[in-house]
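Written out below as structure tokens is the structure these notes cover.
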Amino acid sequence: MQNNDNNSPGDGITASYMISPDYGDAFAWCRLEGVDSRYNLGADSGGWSGPHPISEAPFQDLREWYGRFCKADPWSGKQELDWESFHRDGIELARRVKAEVGPTAKVLYAKPIEDRNFLHQRLREVLDDGSVVIFPDEPMTSSPGWGIAADESDDG
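Going by the UniProt record's numbering, the letters in the sequence shown line up with residues 1 to 156, in that order.
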């Protein structure tokens, strides 16, 4: 699978890819270390982007995996996704991506917020040897990413 841009990995450029589904057709995110301050779209059904291309097979498998996420509507309460199986498959896909992008890129897996247990062992990194490091759980914040802890108040 060719990437959708004209960048190629060069000396000193390290990208981070995060495998994590989101509604709106996104299932991977990319950040160029030292360039981007946050993750940008890395893959959707239209293709893979970023400086490290991946082959067609893992890309198609990512699309199918993402399709499982879209078919389960966690907000309706009618259909519950088997999150354990979904995460296991997502981590395996992250391993496959890591094997393709190699040591010049980080590959992370993050649970989506639609999983009721997303804060527990939410973020994992796939290392060069395929092993997985689980990041420590983060405390819940009232506004994710905004830095106000649930037990703090910003009204002075």
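Beta carbons: idealized from backbone N, C-alpha and C, even for Gly.
The structure displayed is predicted, hence computed values, not measured ones.
Closest by C-alpha distance to residue 19, out of 109, 119, 125, is 109. A Cβ-Cβ contact shorter than 8 Å links residue 72 with residue 81. When secondary structure is reduced to three states using DSSP, residue 111 falls in the coil class, being assigned neither helix nor strand.
Annotation for residue 21: 27, 66, 69, 112 place their beta carbon closer than 7 Å to its own, counting only its chain and skipping 5 residues before and after. Spanning the alpha carbons of residue 129 and residue 23 requires a straight line of approximately 31 Å. In this structure residue 57 is exposed. Its beta-carbon is surrounded by fewer than 16 other beta-carbon atoms within 10 angstroms. Setting aside the 5 residues that flank it on each side, residue 41 is surrounded in the same chain by 26, each with a C-beta closer than 6 Å to its C-beta; the list follows chain order. With contacts defined by Cβ atoms closer than 8 Å, residue 106 and residue 125 form a contacting pair.
Annotation for residue 118: 111, 112 place their beta carbon closer than 7 Å to its own, counting only its chain and skipping 5 residues before and after. Counting every other CB atom within 10 Å of its CB across the protein chains shown gives residue 102 a total below 16, marking it as exposed. For residue 63, the enclosing alpha helix (DSSP H) covers residues 56-71. Listed in chain order, the non-local C-beta contacts of residue 100 below 7 Å within the same chain comprise 54, 55, 58, local neighbours out to five positions each way being set aside.
Taking the C-beta atoms as reference points, residue 50 is found nearer than 8 Å to residue 30. The residue among 135, 85, 89 with its C-alpha nearest the C-alpha of residue 62 is 89. Boundaries around residue 22 are those of the beta strand (DSSP E), 15-22, since no alpha helix (DSSP H) includes it.
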